[in-house]
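The next block holds one structure in the form of structure tokens; read it before the comments.
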Amino acid sequence: MPARRYRYPDDSDSEEEALPNNLDPSVAALLEPLGDDEVSMSLLRTRIALMKLQQARIRGNSDYAAKIMDHAIDEGARDRTAWTLLEKHMKKLESQVSDLDRNAQQQENADDKKEDDKKDDNTKTDNDEDKGKTGDEAKEEEEDEVTSEQVKKLKEEVEQEKERANSLGELLMHSLEEEIGSVLAEQTSLKDREERVKARVRSLDTTLKKLPGEHSKTKELHDQMKDVHENQCTLVNALCAVCHEQSATKAVIPCGHLCLCDECTKSITELASSQRSCPLCRGNLLSTLHIYTSK
């Protein structure tokens, strides 16, 4: 299987980093590169939350998962609000600039038409024409100056908003890069720890096979090996806490317990919001998150 490659979105100059071939499939799926039409701040935040939830799942620490999900939800909401406000304000300013440009063009066309009408009108006296022309020109110049100043001011405001948006985007992207780097480093540490546990299990198994017959510590070593193996498989083989038949694939938000199958999740979410609760801790069930596990 070729090594997967990962790059940060909208950063074509950054070097791609080859990922190890032995990554867990559920983790490798989260590191797949995003398409250009998929990149968004909320999607990136969701991916980071899923990565950290995978770590919490491996550790078996549901409290840690709950904290991570709360943090991701708060951060994502704040970022989406900031971007939405900036985009609305910029669209409003650009619309005003467009309206002023259109009004100026209409005024210019109207002035040209008036000028043509004046040239064709031979019934007025020269004095009346001169007075009318002088008054119209003064009025036109005054309106042009006001319109030009408004357009210039609005264009400056649009440029300032664009600069603020670019600056905010750079800060958010830098923050995301740091968080993703931290997640990858911790994931590597967890994989190393898992390899050491597996090596310990193999060592204990080899020792048991070499012991001649029943030994005073044989049963103890065998029980230790069995406990380690069961702990490794607990998360992958967890059953639904409601039906106890299907595998648990849904994590409860915000408590983070992995305890529901797809069918039971559907049944619970159809209840009134006041009746929805986690089957394990009885906390409020606001939403669920699908967890992809490999067996």
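Residues in the sequence shown are numbered from -8 upward in steps of one, following our numbering. We put the beta carbon where it would ideally sit given N, CA and C, even for glycine.
Among K104, N94, Q98 and K109, nearest to E131 - alpha-carbon criterion: Q98
With distances taken between CB atoms, is the gap from C252 to C269 smaller than 8 angstroms? no
Quickly, what does DSSP pair L280 with across the bridge? List them, please. A242
Closer than 7 angstroms: D253 CB and nearest the ligand ZN heavy atom: Looking for the ligand ZN in the displayed structure turns up nothing, as the structure carries no ligands at all.
Helix, strand or coil at L251 according to DSSP, with G and I counted as helix: strand
Across which residues does DSSP place N275 in a beta bridge pair? S268
Helix, strand or coil: which one does DSSP assign to L262? coil
The region 139 to 150 in contact with the region 88 to 96 per 3-pair CB rule at 8 angstroms: yes
With burial defined as no fewer than 16 other Cβ atoms inside 10 Å of the residue's Cβ, what is the status of K43: buried or exposed? buried
Who pairs with L230 in a beta bridge, going by DSSP? S238
Under a Cβ-count criterion, where at least 16 other Cβ atoms within 10 Å of its own Cβ denotes burial, should K217 be classed as buried or exposed? exposed
Counting only the same chain and skipping the five closest in sequence on each side, list residues whose C-beta sits under 7 angstroms from that of H281. T240 and K241
Distance, E161 Cα to E288 Cα: There is simply no residue 288 to check, as the chain begins at -8 and stops at 286 in what is shown.
Confirm, please, whether the CB-CB distance from T279 to V243 is below 8 angstroms. yes
Exposed unless 16 or more other CB atoms sit within 10 angstroms - verdict on Q178: buried
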